[in-house]
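Q: The structure that follows is given in the form of structure tokens.
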Amino acid sequence: GKGGSTATVAATPAINLGIDEDGALLTAKAISAGRVRWSVHTCALLENGDVKCWGEGTNGRLGQGNEDDIGRGGGTATVAATPAINLGIDEDGASLTAKAISAGELHTCALLENGDVKCWGEGSGGRLGQGNQTDIGSGTVSVAATPAINLGIDEDGALLTAKAISAGKQHTCALLENGEVKCWGKGNRGQLGQGDALDVGKGGSTATVAATPAINLGTVGGAAAELRDTSTPYGFFAKFDKDGKYQWVRQ
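Residue 73 in the numbering used here sits at position 72 of the sequence shown, with consecutive numbering throughout.
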């Protein structure tokens with residue numbers, strides 16, 4: 002697509018995502034490519050709710066339990082031959098599936114069908130929300146064995162769940178079902194919206210995701226209705242119920 006001797010977009014075949022149990026070609030319903038400078042991986046949310054990622058595998062961002070690259074040839078695994086990421090099982094023993102995905106710089110997050118959130122890859126700064134800085138999906142800790150992020154509890158004591166997710170460079174944000182927004186990970190530029198430069202979710206003396214209050218969005222429009230998958234270190238776009246328009250929320 003860049004001209005010269007490279008292939009055109011038109012002449013390049015669609016990515017072979019593999020086949021299902023009936024031998025039919027797998028298809029996708031959403032895609033997320035890492036958006037920041039050093040991000041070199043891509044993820045697809047398949048029609049069946051499975052997730053596949055390919056590209057650079059460092060830190061486990063592809064969720065395969067190793068740090069191998071996928072899809073670049075030269076002896077690496079193909080996307081088609083790579084199994085879907087094992088997201089774990091629910092209380093009934095059924096495999097967990099996703100309804101949204103977001104690829105950050107060195108990590109990836111999935112919003113599960115039940116409203117839970119799981120992230121894997123580079124763990125520094127607490128971007129995976131597990132109360133430590135351990136990488137997930139690279140071989141030490143599997144995605145399947147990792148619990149969903151504890152987003153906290155509501156006023157009735159029920160666990161909070163999310164309806165949208167956005168992974169940034171070194172932090173992650175979730176739009177909760179009640180319209181509130183929580184972010185965790187690196188906070189050095191105020192990207193977590195807490196009025197300070199502290200990290201959240203990395204353990205030690207830092208706050209947990211559960212204990213961190215939702216961001217005070219002020220009077221810009223009440224509860225957020227939608228979180229756009231384009232958060233940056235400096236803020237994010239949210240759509241508010243008041244006027245149905247996206248507005249920039251500086252963190």
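Note that CB positions come from ideal geometry on N, CA and C, so glycine has one too.
Quick caveat, the model's predicted, so the values are computed rather than measured.
Would you tell me roughly how many angstroms separate the C-alpha atoms of residue 216 and residue 114, rounded to the nearest one?
A: Spanning the two alpha carbons is a distance of roughly 24 angstroms.
Q: Three-state secondary structure (DSSP) at residue 202?
A: Note: residue 202 maps to coil in three-state DSSP.
Q: Please say whether residue 175 and residue 189 have beta carbons closer to each other than 9 angstroms?
A: It is not a contact, given that the beta carbons lie outside the stated cut-off.
Q: Tell me the DSSP secondary structure of residue 125 in three-state form.
A: It is helical.
Q: On the premise that residue 52 lies in contact with residue 90, defined as a C-beta separation below 8 angstroms, what is that separation, rounded to the nearest angstrom?
A: That belief does not hold up - the Cβ atoms of residue 90 and residue 52 are roughly 15 angstroms apart, past 8 angstroms.
Q: When DSSP labels each residue in this structure, what does residue 7 get in the three-state scheme?
A: Residue state, collapsed to three classes: coil.
Q: If you drop the 5 nearest sequence neighbours on each side, which residues of the same chain put their C-beta closer than 8 angstroms to that of residue 21?
A: Hits under 8 angstroms: 27, 49.
Q: Beta carbon of residue 185, beta carbon of residue 177: below 9 angstroms?
A: Going by C-beta atoms, residue 185 is not nearer than 9 angstroms to residue 177.
Q: On the criterion of 16 or more Cβ atoms from any shown chain inside 10 Å, does residue 251 qualify as buried, or is it exposed?
A: Confidence in residue 251 is poor, its pLDDT being 48 and thus under 50, which makes the residue's placement too unreliable to answer from.
Q: Do residue 31 and residue 18 have their C-beta atoms closer together than 9 angstroms?
A: No; because the gap between Cβ atoms is not below 9 angstroms, this pair is not in contact.
Q: Starting from the C-beta of residue 71, find all residues in its chain whose C-beta is less than 8 angstroms away, skip the five residues before and the five after it, and write them out in chain order.
A: The answer, listed in chain order, is 54, 55, 56, 58, 63, 65, 77, 78, 79, 80, 83.
Q: In whole angstroms, give me the CA-to-CA distance for residue 218 and residue 191.
A: Approximately 14 angstroms, taken between the alpha carbons.
Q: Entirely within the segment 22-57 and at least 3 residues each: give me those beta strand (DSSP E) ranges in chain order.
A: Fully enclosed beta strand (DSSP E) runs of 3 or longer: 29-34, 42-47, 52-56.
Q: In terms of residue numbering, what span does the beta strand (DSSP E) encompassing residue 90 cover?
A: It is not in any beta strand (DSSP E) - residue 90 carries neither H nor E in the DSSP assignment.
Q: If you reduce the DSSP assignment to three classes, tell me which class residue 98 lands in.
A: In this structure, residue 98 counts as coil in the three-state DSSP scheme.
Q: For residue 175, which residues does DSSP report across the bridge?
A: Its beta-bridge partners are 166, 183.
Q: Helix, strand or coil for residue 213, going by three-state DSSP, please let me know.
A: Residue 213: coil per DSSP, three-state reduction.
Q: For residue 3, count neighbouring C-beta atoms within 10 Å of its own C-beta (all shown protein chains included) and say buried if the count is 16 or more, exposed if not.
A: By the neighbour-count rule (16 or more Cβ atoms within 10 Å), residue 3 is not buried but exposed.
Q: Relative to the C-alpha of residue 105, which candidate in 139, 137, 128 has its C-alpha closest?
A: Among 139, 137, 128, the Cα nearest to that of residue 105 is on 128.
Q: Give me the Cβ distance between residue 150 and residue 130, rounded to the nearest whole Å; I'm assuming they're in contact under 8 angstroms.
A: Between residue 130 and residue 150 the Cβ distance is about 4 angstroms, and since that is below 8 angstroms, they are a contact.
Q: Based on the DSSP output, what are the partners of residue 290 in its beta bridges?
A: For the chain, the structure presents residues 2 to 252; residue 290 sits outside this window and is missing.
Q: Kindly confirm or deny that the segment 201-214 and the segment 152-169 touch, where touching means at least three C-beta pairs closer than 8 angstroms.
A: Yes, the segment 201-214 is in contact with the segment 152-169.
Q: Assuming residue 203 contacts residue 134 under a Cβ cut-off of 8 angstroms, what Cβ separation, rounded to an integer in Å, is found between them?
A: The Cβ separation is near 5 angstroms, so the contact holds.
Q: Am I right that residue 171 and residue 126 are in contact with their C-beta atoms under 8 angstroms? What's the rounded C-beta distance?
A: Between residue 126 and residue 171 the Cβ distance is about 5 angstroms, and since that is below 8 angstroms, they are a contact.
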